[in-house]
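Asker: In our numbering, the protein residues as written are 4 to 279.
1. What span of residues does the alpha helix (DSSP H) with residue 275 cover, start to end?
2. In this structure, does DSSP put residue 239 in helix, strand or coil?
3. Report yes if the CB atom of residue 52 is closer than 9 Å to the CB atom of residue 261, and no otherwise.
4. Using the Cα positions of residue 167 and residue 239, report the straight-line distance between them to the nearest angstrom.
5. Rounded to the nearest angstrom, what separates residue 245 and residue 61 at their Cα positions?
6. For residue 146, does the count of other Cβ atoms within 10 angstroms reach 16, so buried, or fall short, so exposed?
7. Of all the options 243, 125 and 267, which has the alpha carbon lying nearest to the alpha carbon of residue 253?
8. Straight-line CA distance for residue 119 to residue 126?
9. Is it right to say residue 144 is buried, meaning 16 or more other beta carbons lie within 10 angstroms of its own, or is it exposed?
10. Between which two residues does the beta strand (DSSP E) harbouring residue 220 extend?
11. Answer with buried or exposed for residue 150, where buried requires no fewer than 16 other C-beta atoms within 10 angstroms of its C-beta.
Printed below as a string of structure tokens:
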């Protein structure tokens with residue numbers, strides 16, 4: 004399988020390469036990134052690498068594609084929950100200020116050093132709420148960087164374990180986000196990011212490695228069931244907010260430096276409609 008057209012992934016790849024992985028975090032660990040250069044060779048190398056990575060999924064659709072992708076992305080290194088703090092300082096680094104991270108729902112650029120549990124600190128937001136499947140902070144889904152993002156402590160608490168839907172009241176400290184009793188709506192700039200993180204989790208964790216089988220449905224109020232909604236809306240968000248350079252860089256850093264697996268829906272957002 005070759006990338007022969009300018010897909011959303013390919014279109015942003017060159018831009019994503021503008022954000023360098025900090026040397027302290029990646030020394031001795033980068034693999035595909037070692038081949039990058041400023042001449043355009045990087046795009047060809049990265050495209051070939053990504054094609055090879057997804058080769059077992061070539062030509063598949065529907066349930067067969069989901070099964071093939073699970074087989075690919077389940078091979079990964081794992082990060083401890085304590086290790087997530089330092090990883091997020093790299094994966095979510097503000098491209099305009101290397102001393103800061105970008106908070107996912109708030110959109111705020113905040114000092115990396117202000118992580119913690121006090122008001123106005125940032126902490127570790129589980130986009131797939133850890134109570135949905137009751138996996139907590141166990142190494143595995145509870146520490147998977149593909150769905151963990153920095154967020155303001157108060158905003159994180161407001162989101163809680165709510166499913167994703169539209170509407171509600173504005174969320175203080177998260178402009179453009181809304182919430183009501185049973186759902187949370189993130190700002191427009193990360194609606195697609197949220198969708199692709201949740202769908203990654205539904206493919207990666209299928210009940211075969213000691214954790215719950217995480218699946219999507221079209222409901223809210225899923226509670227502690229290993230389910231997340233609403234899939235019909237998340238599919239729309241995936242289309243309206245395609246992967247941007249920040250999200251693509253994040254996927255690459257997780258692959259190169261930490262888990263060595265990828266979120267397939269960042270590389271191929273068209274696979275969302277093929278599976279769901």
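Note that beta-carbon positions come from the ideal geometry of N, C-alpha and C, so glycine has one too.
Answerer: Taking the geometry as given:
1. Translated into positions along the chain shown, residue 275 becomes position 272. Run containing residue 275: 274–278, per the alpha helix (DSSP H) assignment.
2. What you label residue 239 is simply residue 236 of the chain shown in a count that begins at 1. Of the three classes helix, strand and coil, the one that applies to residue 239 here is helix, per DSSP.
3. Position 49 of the chain shown, counted from the start, is the residue given in the question as residue 52. Position 258 of the chain shown, counted from the start, is the residue given in the question as residue 261. Contact: no.
4. For this step, residue 167 is matched to residue 164 along the chain shown. For this step, residue 239 is matched to residue 236 along the chain shown. Spanning the two alpha carbons is a distance of roughly 12 Å.
5. On the chain shown, residue 245 is found 242 positions in, with the first residue counted as 1. On the chain shown, residue 61 is found 58 positions in, with the first residue counted as 1. Answer to the nearest angstrom: the Cα atoms are 22 Å apart.
6. Start at 1 with the first residue of the chain shown, and residue 146 comes out as number 143. It is buried - the Cβ of residue 146 has at least 16 other Cβ atoms within 10 Å.
7. Here the question's residue 253 lines up with position 250 in the chain shown. For residue 253, the nearest C-alpha among the options comes from 267.
8. For this step, residue 119 is matched to residue 116 along the chain shown. For this step, residue 126 is matched to residue 123 along the chain shown. Those two C-alpha atoms are separated by around 6 Å.
9. Numbered from its first residue, the chain shown carries residue 144 at position 141. With 16 or more Cβ atoms within 10 Å of its Cβ, residue 144 is classed as buried.
10. For this step, residue 220 is matched to residue 217 along the chain shown. Note, residue 220: premise wrong, no beta strand (DSSP E); not H, not E.
11. Your numbering for residue 150 matches position 147 in the chain shown. The residue is buried, with at least 16 neighbouring Cβ atoms inside 10 Å.
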